[in-house]
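Presented below is the structure to which this report refers.
Protein chains: 2
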Amino acid sequence: MKKLTNKAILGSIIFSSSLNNIYLEKNALLVIGPNGKISDLIKRNEDRYHNEVRKYRYSQSLVEIKGHQYLLPGFTDLHIHAPQWPQLGKALDIPLEKWLQKYTFPLEAKFKDENFAHFVYEDLVRSLLRAGTTTAVYFGTIHQRATQILAEKCIKFGQRAVVGKVVMDNHSQCPDYYRDSSTRDALDDTETFTKFVEELQKNNEGKIYAAITPRFIPSCTNEALYELGKLAKQSNVFVQTHCSESDWEHQHVLDRCGKTDTEALQEFGLLKKSTILAHGNFLSEQDMDIIKAQQANIAHCPLSNFFFSDAVFPLRRALRKGLSIGLGTDIAGGPSCSVLDTAKNTIFASRALESGVNPFVQREGRGLSNSRVSFKEAFYLATKGGAQVLSIPAGSFEKDFYFDAILIDTEVEHSRISLDKFIDSDEDMIQKLIMLSSRSNIVETWVGAVSV
Amino acid sequence: MKKLTNKAILGSIIFSSSLNNIYLEKNALLVIGPNGKISDLIKRNEDRYHNEVRKYRYSQSLVEIKGHQYLLPGFTDLHIHAPQWPQLGKALDIPLEKWLQKYTFPLEAKFKDENFAHFVYEDLVRSLLRAGTTTAVYFGTIHQRATQILAEKCIKFGQRAVVGKVVMDNHSQCPDYYRDSSTRDALDDTETFTKFVEELQKNNEGKIYAAITPRFIPSCTNEALYELGKLAKQSNVFVQTHCSESDWEHQHVLDRCGKTDTEALQEFGLLKKSTILAHGNFLSEQDMDIIKAQQANIAHCPLSNFFFSDAVFPLRRALRKGLSIGLGTDIAGGPSCSVLDTAKNTIFASRALESGVNPFVQREGRGLSNSRVSFKEAFYLATKGGAQVLSIPAGSFEKDFYFDAILIDTEVEHSRISLDKFIDSDEDMIQKLIMLSSRSNIVETWVGAVSV
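Residue numbers (the working numbering), protein chains in the order written: chain V, 984 to 1435; chain H, 984 to 1435.
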């Protein structure tokens, strides 16, 4: 099943059209156009169904999926620190501000070496595709060339990606060995990188995008932030940064700017429809209102919430406000590279927030009531929700959406998922697939109908 | 590598000898005796090492593990509801007391049908072995015969197991369709089941054990609990039950008995060295002292803590007190059947408890300080800690311990784990293996040196 352009696929598909609508369509017929987009979806109960299936079968362009396999939309990971890939699964023992200085900045500094960048980024992009991440939003490092290599690897292996060269020009927070050589250089490099990606876009429509990427306010000077804000205004590239991530980070910005991250980012001109704010754990109601008014977006990273954020992002509250949200693994702040794991941990974290965790506190004061999110909502955020944040038509099986998809096999040897057609309802089957699938159940990944 | 008795194994091994001591021994030589137990462990730096390796190689009894493979002790799962296997990954939306009545009792009642028991239990035992669970502690159902079938499946597929016929005789809490027909029958069935297991033991030394299994105090009459306590005193079988699991359950016992679960269980004669208490989220300091004095044990079930327990078990506090603790998946209250996942979630839950989860609460009052557990501690609890709870010499690579083990392959196609011998320390490698391994990395499982 290398290339599915100009073919029709017959089999069970699962997808979310909105936060609370999830579908399992058995024996659906998905038609893929020459551009890698879905041109038609024909359900079993439609009059034309049998004729259409016959038509594609006769023309030998029908691909049939097995009965124990399910097509799902590919995942969008809205927050990845690409250079932290070698650190995945370790270095989880100290708070954010110490972790950066002790483990993370020394590792990221190594990407001055282009060979190291080639080696790590190739492994990263391939691994994430295997894990079902068809669209990835990456922080690179401060290094122009290494970050270009990351963009090139995404093109090479066929992953849809947003990539940014990180800006860190603040002497008081960034070590000598890992800091932009000057504010001017940081800005120039950002512009050069953006142009480099524009060149790549010419032959890779819809595949690669640049992001203006101030690491976060602590790492950047006000001058850099204002100038990046101007650049963001002039261009239509993405903006990505961290926002109100931990007690330390949130307080640092309050002390330095006299206002919250959100208010400060707005003033710097960095809150736009194309802005992705990672974390947001300590957003106030007012912050959320500003983000909504600016149509900016949030990348919820539940696993790193447990390790570095000092709290769980109040996702339910943000959803109720109507904010635009997707999920992020936060590699390597979260010790899993899988958006599927992240979706599960979104559910777990929301339940921990709702019930609370401390048994020595009375029930009434223990948690934040009405905080849970369901498996349907987590799945939506992992698929269509994340793609919507980027305004990319992907993450669902709808007409004119890219065929970015994964094939889940419930019968692989080591991670068999028991579905019982007599006991389990369709909704049960969907929930089991989400809760019990592991990486080995993902047996194929397509981006734009091309197997990757 | 079907049977490793009377062989020596050469390769990298990882194991915990105590809560904070974890070892990666590269190219170690593990010698297995005819009884499936480890008879010797010879490290590279020992004088006799090369001679011993040569000896086993010449006699063609040397088994060599590949460089990208690691031997780990098998896992002990201290809390599994075997009949809930078909429910794994679903039915997570309502509180414990409603969940039992709406989903769980109707499912468990189906095990009156022996064919259903055969079908489900065979699938369960095989799946858990694949997931690396070499020793399993099972709640069955109220059904004598179905629970015998469960014990038989453990023998058939080679899993070390503790199995109990569940007692539920309380009319006010158990529905008509799923309740022991009388208190007398519940006790008689428990005795009959225990004798049945004694018979099985004759040809299966160290493989199968019975447990007296009052579901929990709410499900049982005082009479049944007292009588089971007497039975526990007369015999040396295990005792398993739930203890202070959720706000509702904890309060129910306080209201009915005028004392905590722990105090009541002690009074019923059910707190022994062979007792496994699942959950324990709302144990008081005094409860913990009683449990310690009685040498009873706790099965910590972090995933179901998030869904059904209203809080996280204060594991660090219990460890500091010196309680005996292992881990439980709590199938199907926790939506994973993997003890490896449970170990990871032990870490996640402990971090959530330490930092707290609610961002609208001030930092000082948000969490329970000094609650985190490390990857070393979680690994110990998943392996030797759990086996120690059962007084079974397993869960570590030490002399006279059973060779109950799993083989982790870091290079399997879909879940490759990147270890970098130049960057990662031995401890980093261990941590990455624990945090990043998934079920597909477990390519072989042995119980008593027999591949299962």
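Just so you know, even glycine gets a beta-carbon here, dropped at the ideal spot from N, CA and C.
Because the structure is a prediction, the values reported are computed rather than measured.
Inset, instruction - In the DSSP assignment, find the unbroken alpha helix (DSSP H) run with Arg1143 of chain V in it and report its ends. - result: Arg1143 of chain V -> not in any alpha helix (DSSP H); beta strand (DSSP E) instead, spanning 1143 to 1147.
Exercise. In whole angstroms, what is the alpha-carbon distance linking Leu1310 of chain H and Glu1228 of chain H?
Worked result: Each residue's alpha carbon lies about 15 angstroms from the other.
N- and C-terminal bounds of the alpha helix (DSSP H) containing Cys1137 of chain H: Element bounds for Cys1137 of chain H: 1127 to 1140.
Answer yes or no: does any C-beta atom of chain H fall closer than 8 angstroms to that of Val1356 of chain V?
It does not; no Cβ of chain H falls within 8 angstroms.
Q: Determine the direct distance from the alpha carbon of Ile992 of chain H to that of Tyr1041 of chain H, and round the result to whole angstroms.
A: Using only the alpha carbons, I get a separation of about 14 angstroms.
**Prompt:** For Gln1142 of chain H versus Ala1114 of chain H, is the C-beta spacing smaller than 8 angstroms?
**Reply:** Inclusion of Gln1142 of chain H and Ala1114 of chain H in the CB contact set at 8 angstroms is not warranted, their separation being larger than that value.
Continuous beta strand (DSSP E) stretch holding Asn1010 of chain V: start and end: In this chain, the beta strand (DSSP E) harbouring Asn1010 of chain V covers 1004 to 1015.
- First and last residue of the beta strand (DSSP E) that includes Leu1392 of chain V? The sequence shown places Asp at residue 1392 of chain V, not Leu. Note, Asp1392 of chain V: beta strand (DSSP E), 1388 to 1392.
Per-residue DSSP class, three states only, for Ala1247 of chain H
Here Ala1247 of chain H sits in helix by DSSP.
Counting only C-beta atoms, is Lys985 of chain H closer than 8 angstroms to chain V at any point?
Taking Cβ atoms only, chain V never reaches closer than 8 angstroms to Lys985 of chain H, which makes this a no.
- prompt: From the beta carbon of Asn1004 of chain H, is the nearest beta carbon of chain V less than 8 angstroms away?
  reply: Chain V has no Cβ within less than 8 angstroms of the Cβ of Asn1004 of chain H.
query = Mind pulling the chain V residues with CB within less than 7 angstroms of Phe1290 of chain H?
reply = Ordered by position in chain V, the residues that pass the 7 angstroms Cβ test against Phe1290 of chain H are Arg1334.
Cβ-Cβ distance between Asp1383 of chain V and Lys1020 of chain V below 8 angstroms: Yes, the pair counts as a contact, with Cβ atoms nearer than the cut-off.
Residues that Phe1265 of chain V contacts on chain H, provided the C-beta gap is smaller than 8 angstroms: For Phe1265 of chain V, the chain H residues whose C-beta falls within less than 8 angstroms of its own C-beta are Pro1342, listed in chain order.
Check: With 8 angstroms set as the bound, which would you pick, yes or no: does the beta-carbon of Ala1169 of chain H sit closer than that to a beta-carbon of chain V?
Finding: Not a single CB atom of chain V sits nearer than 8 angstroms to the CB of Ala1169 of chain H.
task = My understanding is that Val1150 of chain V touches Arg1109 of chain V, with C-beta atoms under 8 angstroms, so please give their C-beta distance in whole angstroms.
result = Taking 8 angstroms as the upper bound for CB-CB distance, Val1150 of chain V and Arg1109 of chain V are not in contact here, some 28 angstroms apart.
- Message: By the three-class DSSP mapping on this structure, what secondary structure does Asp1163 of chain V have?
- Response: Coil, per DSSP.
- What are the boundary residues of the beta strand (DSSP E) that Leu1045 of chain V is part of? Taken as a continuous stretch (DSSP letters only), the beta strand (DSSP E) holding Leu1045 of chain V covers 1045 to 1047.
query: Hey, quick one: how far does the beta strand (DSSP E) through Cys1226 of chain V stretch, first residue to last?
result: Cys1226 of chain V -> beta strand (DSSP E) spans 1221 to 1226.
Counting only beta-carbon separations shorter than 8 angstroms, does Leu1111 of chain H have a partner in chain V? No - not a single Cβ of chain V is within 8 angstroms of the one on Leu1111 of chain H.
What residue range does the beta strand (DSSP E) around Ala1279 of chain H cover? Run containing Ala1279 of chain H: none; DSSP gives neither H nor E here.
| Based on the DSSP output, what are the partners of Gln1052 of chain H in its beta bridges? | Checking the DSSP bridge columns, you'll see Gln1052 of chain H partnered with H:Asp1392.
Min CB distance Asp1409 of chain H to chain V below 8 angstroms: Not one beta carbon of chain V lies nearer than 8 angstroms to the beta carbon of Asp1409 of chain H.
Requested in this report: List the residues of chain V that Met1151 of chain H touches, going by C-beta distances under 9 angstroms, in chain order.
Outcome: Ordered by position in chain V, no residue passes the 9 angstroms Cβ test against Met1151 of chain H, which lies about 22 angstroms from the chain.
*Would you say Asn1280 of chain H and Ile1308 of chain H are within 8 angstroms of each other, going by their C-beta atoms?*
Yes.
Starting from Ile1406 of chain V, find everything on chain H with Cβ-Cβ shorter than 7 angstroms and list it in chain order. Neighbours of Ile1406 of chain V on chain H, chain order: Pro1069.
### Message
Against chain V, with Cβ distances strictly below 8 angstroms, would Gly1072 of chain H count as a contact?
### Response
Closer than 8 angstroms to some Cβ of chain V, the Cβ of Gly1072 of chain H qualifies, so yes.
| Given 8 angstroms, three or more beta-carbon pairs between the segment 1248 to 1258 of chain V and the segment 1284 to 1294 of chain V | As far as the Cβ criterion goes, the segment 1248 to 1258 of chain V does not touch the segment 1284 to 1294 of chain V, which means the pair count is below three.
Check your understanding: Taking C-alpha atoms, which residue in V:Lys986, V:Leu1045, V:Val1014, V:Gln1052 lies nearest to Leu1007 of chain V?
Key -> Of the candidates V:Lys986, V:Leu1045, V:Val1014, V:Gln1052, the one whose C-alpha sits nearest the C-alpha of Leu1007 of chain V is V:Gln1052.
| message | So with CB distances below 7 angstroms, who are the chain H contacts of Arg1399 of chain V? | response | By Cβ distance, chain H contributes Ser1110.
Notebook entry, point to check: Does DSSP classify Pro1089 of chain V as helix, strand or coil?
Noted result: Here Pro1089 of chain V sits in helix by DSSP.
Contact list for Asp1230 of chain H against chain V, beta-carbon separation under 8 angstroms: Taking a Cβ-Cβ threshold of 8 angstroms, the residues of chain V close to Asp1230 of chain H are Arg1346, in chain order.
Could you tell me whether the Cβ of Pro1297 of chain H comes closer than 8 angstroms to any Cβ of chain V? At least one CB of chain V lies nearer than 8 angstroms to the CB of Pro1297 of chain H.
- Going by other Cβ atoms of all chains shown within 10 Å of its Cβ, with 16 needed for buried, is Ile1048 of chain H buried or exposed? Its Cβ being crowded by 16 or more others within 10 Å, Ile1048 of chain H is buried.
For this session: Note the first and the last residue of the continuous alpha helix (DSSP H) segment covering Trp1231 of chain V.
Result: Membership of Trp1231 of chain V in the alpha helix (DSSP H) is indicated by the continuous run 1230 to 1240.
- Item | Continuous beta strand (DSSP E) stretch holding Gly1212 of chain H: start and end | That residue, Gly1212 of chain H, is in no beta strand (DSSP E); its alpha helix (DSSP H) goes 1205 to 1217.
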